[in-house]
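Convert by adding 12 to the 1-based position in the sequence shown; the result is the number in my numbering.
Even for Gly, the Cβ is constructed at its ideal location relative to N, Cα and C.
Computed from a predicted model, the values in this text were never measured in an experiment.
This report refers to the structure that appears directly beneath it.
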Amino acid sequence: MKWITRDHVHMDRVASPWLIRRFIDPAAEFSFVRFGNEHEHPLPADAIAFAIPGVEIGIHDAEGSTFRKLMRKYKLSDPALEMMAEVIESGIHHVFHHKDPGYSPADLKYPEGIGLDALAHGMMFASRNDIDNLERSAAIYDALYGYCRAILLEKARPDIAALKPPQSWDRIRAELDGK
């Protein structure tokens, strides 16, 4: 299937294609419209629009990130994906509010979102274009998904959480790999 979003992808608009390719449409093809000129021309009828103002799977807002909206639409109920959505939303909050008076990273549900914002910005500037950014950033979101799975496993399994590294890491890896 073809998917379309705004160009200059960053964080939520990189996480969303990752989610699409990993859990919704492995053969997804992405294209981009110019940021700020999304409605200058009609969007292609043969593409699913996301993270564009006014479309069904819209931009991040009070209803959540585009990532979370995709999860809802496609009924993805993985707890690690839920945690990822919260990390992404913490990062989004940081992007838009870090210069506000009284802002504190300590108020974020997941301060990891600040690091995700830094990585997303860096990857945007290190990539040749948006497609390159999506390809190169996939490893970041694979790693974040693994991190979320590991954190949730440790919470559910005090026996693993009680182990010290590297034994805890080996046990987590084995559990996540199903061994």
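For the region 32-76, not one full-length alpha helix (DSSP H) segment reaches 4 residues or more. As the crow flies, the alpha-carbon of GLU187 is around 35 Å from that of ILE71. The Cβ atoms of LEU156 and VAL99 sit closer than 8 Å to each other. Within the same chain, and ignoring the five residues on either side of LEU175 in sequence, the residues whose Cβ sits closer than 7 Å to its Cβ are ARG183. Taking one beta carbon from each stretch, the region 54-66 and the region 127-144 have fewer than 3 pairs nearer than 8 Å; the two do not touch. When the five nearest sequence neighbours on each side are left out, the beta carbons in the same chain lying within less than 8 Å of the beta carbon of LEU164 are those of PRO91, ALA92 and MET95, in order along the chain. Rounded to the nearest angstrom, the Cβ distance from PHE79 to ALA27 is 5 Å, consistent with a contact under 8 Å. Excluding sequence positions up to five before and after TYR153, its CB lies within less than 6 Å of the CB of ALA27 and TRP30, all in the same chain and listed in chain order. Straight-line measurement puts the Cα of LYS14 at about 43 Å from the Cα of PRO178. In terms of Cβ geometry, GLY125 and SER89 do not form a close pair [threshold 8 Å].
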